[in-house]
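Top to bottom, those sequences are chains S and L.
If you number the first sequence the way my numbering does, the last residue is 236 and the count never jumps.
If you number the second sequence the way my numbering does, the last residue is 351 and the count never jumps.
Reading through the structure tokens given below for one structure.
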Amino acid sequence: MSNLQVSVYRYNPETDSAPYMQEFQVDTKGRDLMVLDVLHLMKEQDSGLAFRRSCREGVCGSDGMNMNGKNGLACITPLSDVVKNNKLTLRPLPGLPVIRDMVVDMGIFYKQYERIQPYLQNETPAPAIERLQSPEERDKLDGLYECILCACCSTSCPSFWWNPDKFVGPAGLLQSYRFLADSRDTATRERLTDLEDPFSVFRCRGIMNCVAVCPKGLNPTRAIGKIREMLLADAT
Amino acid sequence: MVTNITSFGRSGLSDWLMQRVSAVVLAVYTVFMVAYLLFNPDLDYYTWSGLFNQTWMRIFSLLAFISIAAHAWIGLWTVTTDYLKSTRLRVGAQTLIILAIFVYLVWGIQILWGA
């Protein structure tokens, strides 16, 4: 069995004048490893290789990266899903500044998340017990709350690449709709007013890259469509 | 909320709606034009000018002209804000686009009502 050929993006701003691709030969012993396992085998060869990882089971969202051109979580992506002709190319998430190797600065991504006020707002006095929801009201949050903020969707979105400071991006908008759809949230009007400019929501062109890459199988495009429907219903 | 001053309606929502409504108008106008030309293979000047002498055709055409003006403004404004990062270049391009749209619109109205 021949070794897997891995090409990985390397950049250390303290020593390198420009980023470059480094080639690795990784012996997978014929197993269908996860991409994260391969990164660990590479780190055994070159301990300087930097990447983020934590839970290694698709829950924390730390190891979002671009594998053979498609964003995903390295820890839950088996080689058989991405490797073509025994070659694997690993790059950091596109569109974000690189801190080192595979580690990107997610600052602007979190800033957009912060902008949509991702917390429940309710102006009515807190009841003695929890604010109750009917099962139907609770069902509306399915497919929204599961997001782990790995940034795979937003960094695969050209609208986010061109205007990351103005377009909220699919991840932020999915969370925005999560609170717009919540029966316990009373700040709906304020939330909608914040989104009606030509960039925040409407820069989405519906190309659905976000849906194609989401490792949790969520659908930000549908959520964006729902936000548009709410905006339209509110303003006409 | 992101501020903007050169977009068509100053609001993403109204631009979005306008883009869709104008697209429907343009689609209907195109289908009508293609059908008219197909059903009138021996079209001469008198039939053609007769068509455009009727008030409903002038209203329909003007609606299509205004639709294409709005559609172009919204679409090209979006393209400039995506791809032109230099403010000077972007504002310059937007000004040129809006001026060109205005010229074409007035010219179109003149042709439509001038005959």
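Positions of the beta carbon are idealized from the N, C-alpha and C atoms, including for glycine.
request  = Under 8 Å Cβ to Cβ from residue 76 of chain S, same chain only, skipping five residues before and after it: list those, please.
outcome  = Cβ neighbours of residue 76 of chain S beyond the five flanking positions: 34, 57, 58, 215.
task = Just confirm the distance between the C-beta atoms of residue 228 of chain S and residue 201 of chain S, as a whole number of angstroms; I'd bet it's less than 8 Å.
result = In this structure residue 228 of chain S is in contact with residue 201 of chain S, their Cβ atoms being roughly 7 Å apart against a cut-off of 8 Å.
key: Local Cβ density within 10 Å of residue 25 of chain S, reported as buried at 16 or more and exposed below that   = With fewer than 16 Cβ atoms within 10 Å of its Cβ, residue 25 of chain S is classed as exposed.
key: Inter-stretch contact at 8 Å, needing at least 3 Cβ pairs: the stretch 250-258 of chain L / the stretch 305-321 of chain L   = Yes, they touch.
ask   = So, does the CB of residue 96 of chain S fall closer than 9 Å to a CB anywhere in chain L?
value = Not an interface residue.
inquiry  = Tell me which residue opens and which closes the beta strand (DSSP E) that residue 66 of chain S is part of.
reply    = Annotation: the continuous beta strand (DSSP E) that includes residue 66 of chain S extends over 64-67.
Closest by C-alpha distance to residue 86 of chain S, when choosing among S:4, S:111, S:107, S:223 = Nearest C-alpha to residue 86 of chain S among S:4, S:111, S:107, S:223: S:4.
ask   = Got a sec: is the Cβ-Cβ distance from residue 249 of chain L to anything in chain S below 9 Å?
value = Interface flag for residue 249 of chain L against chain S is set, since a Cβ pair is found closer than 9 Å.
Three-state class that DSSP yields for residue 144 of chain S in the structure shown = In the structure shown, residue 144 of chain S falls within a coil segment according to DSSP collapsed to helix, strand and coil.
task = Using only alpha-carbon positions, find the residue among L:247, L:312, L:347, L:323 that is nearest to residue 301 of chain L.
result = Taking only the C-alpha atoms, the option nearest residue 301 of chain L is L:347.
ask   = Three or more C-beta pairs closer than 8 Å, one from the stretch 159-170 of chain S and one from the stretch 190-210 of chain S: is that the case here?
value = Contact check between the stretch 159-170 of chain S and the stretch 190-210 of chain S: three or more CB pairs, one atom from each, fall below 8 Å, which counts as touching.
task = Tell whether a beta-carbon distance below 9 Å holds between residue 51 of chain S and residue 101 of chain S.
result = It is a contact, given that the beta carbons lie within the stated cut-off.
query = Per DSSP, residue 78 of chain S is paired with what?
reply = Answer is S:34.
inquiry  = I want to verify the contact list: residues of chain L whose CB lies under 7 Å from the CB of residue 231 of chain S, in sequence order.
reply    = Going along chain L in sequence order, the residues near residue 231 of chain S (Cβ under 7 Å) are 249.
message = Counting only Cβ pairs nearer than 8 Å, list the residues of chain S close to residue 309 of chain L.
response = Neighbours of residue 309 of chain L on chain S: none; closest Cβ ~12 Å, over 8 Å.
message = Could you compute how far the alpha carbon of residue 44 of chain S sits from the alpha carbon of residue 68 of chain S?
response = Going from the Cα of residue 44 of chain S to the Cα of residue 68 of chain S covers about 22 Å.
message = With distance defined between alpha-carbon atoms, name the residue in L:247, L:276, L:316 nearest to residue 332 of chain L.
response = Distances from the alpha-carbon of residue 332 of chain L to those of L:247, L:276, L:316 put L:316 closest.
Under 7 Å by beta carbon: chain S residues contacting residue 238 of chain L = Chain S residues near residue 238 of chain L: 166, 197, 199, 200.
message = Between which residues of its own chain and residue 19 of chain S is the CB-CB distance below 8 Å, once the five residues before and five after are set aside?
response = Within the same chain, residue 19 of chain S has close Cβ partners 9, 10, 11, 98.
Residue 303 of chain L, DSSP secondary structure in three states = Here residue 303 of chain L carries a helix assignment [DSSP, helix/strand/coil].
task = Determine the direct distance from the alpha carbon of residue 249 of chain L to that of residue 96 of chain S, and round the result to whole angstroms.
result = Cα to Cα, residue 96 of chain S sits roughly 28 Å from residue 249 of chain L.
task = List the residues that DSSP assigns as beta-bridge partners of residue 7 of chain S.
result = Looking at the DSSP output, residue 7 of chain S sits in a beta bridge with S:23, S:89.
task = Can you say whether residue 252 of chain L is buried or exposed, counting buried as having 16 or more other CB atoms within 10 angstroms of its CB?
result = Residue environment for residue 252 of chain L: buried (at least 16 other C-beta atoms within 10 angstroms of its C-beta).
ask   = What's the gap between the Cα of residue 280 of chain L and the Cα of residue 272 of chain L?
value = Approximately 13 Å, taken between the alpha carbons.
query = Nearest to residue 123 of chain S by CA position, among S:189, S:153, S:62, S:143, is which residue?
reply = Among S:189, S:153, S:62, S:143, the Cα nearest to that of residue 123 of chain S belongs to S:189.
Residues near residue 329 of chain L by beta carbon distance below 7 Å, same chain, minus five either side = Taken in chain order, the residues that qualify are 316, 320.
inquiry  = Run through the DSSP bridge pairs and tell me what residue 73 of chain S is partnered with.
reply    = DSSP output for residue 73 of chain S lists S:64 as bridge partner(s).
request  = Keeping to the same chain, check which residues put their C-beta closer than 6 Å to that of residue 310 of chain L; ignore five residues upstream and five downstream.
outcome  = Cβ neighbours of residue 310 of chain L beyond the five flanking positions: 244, 251, 255.
key: Continuous alpha helix (DSSP H) stretch holding residue 260 of chain L: start and end   = Note, residue 260 of chain L: alpha helix (DSSP H), 248-275.
task = Pick helix, strand or coil for residue 191 of chain S, following the three-state DSSP scheme.
result = In the structure shown, the three-state DSSP call for residue 191 of chain S is helix.
query = What are the residues of the stretch 170-190 of chain S that lie near chain L, defined by any Cβ-Cβ distance shorter than 7 Å?
reply = For the stretch 170-190 of chain S, the set of positions with a beta-carbon nearer than 7 Å to some beta-carbon of chain L is empty.
ask   = Can the beta-carbon of residue 81 of chain S be found less than 9 Å from the beta-carbon of residue 73 of chain S?
value = Contact: no.
request  = Enumerate in chain order the residues of its own chain whose CB-to-CB distance from residue 341 of chain L is below 8 Å, with the five nearest sequence positions on each side excluded.
outcome  = The answer, listed in chain order, is 301, 302, 305.
ask   = Within 10 angstroms of its Cβ, does residue 113 of chain S collect 16 or more other Cβ (buried), or is it exposed?
value = Per the 10 Å Cβ criterion, buried.
message = On the CB-based measure, 16 or more other CB atoms within 10 Å of its CB, does residue 152 of chain S come out buried or exposed?
response = Per the 10 Å Cβ criterion, buried.
task = Could you list which residues in chain L have their beta carbon closer than 8 Å to that of residue 163 of chain S, in chain order?
result = In chain order: 317, 318.
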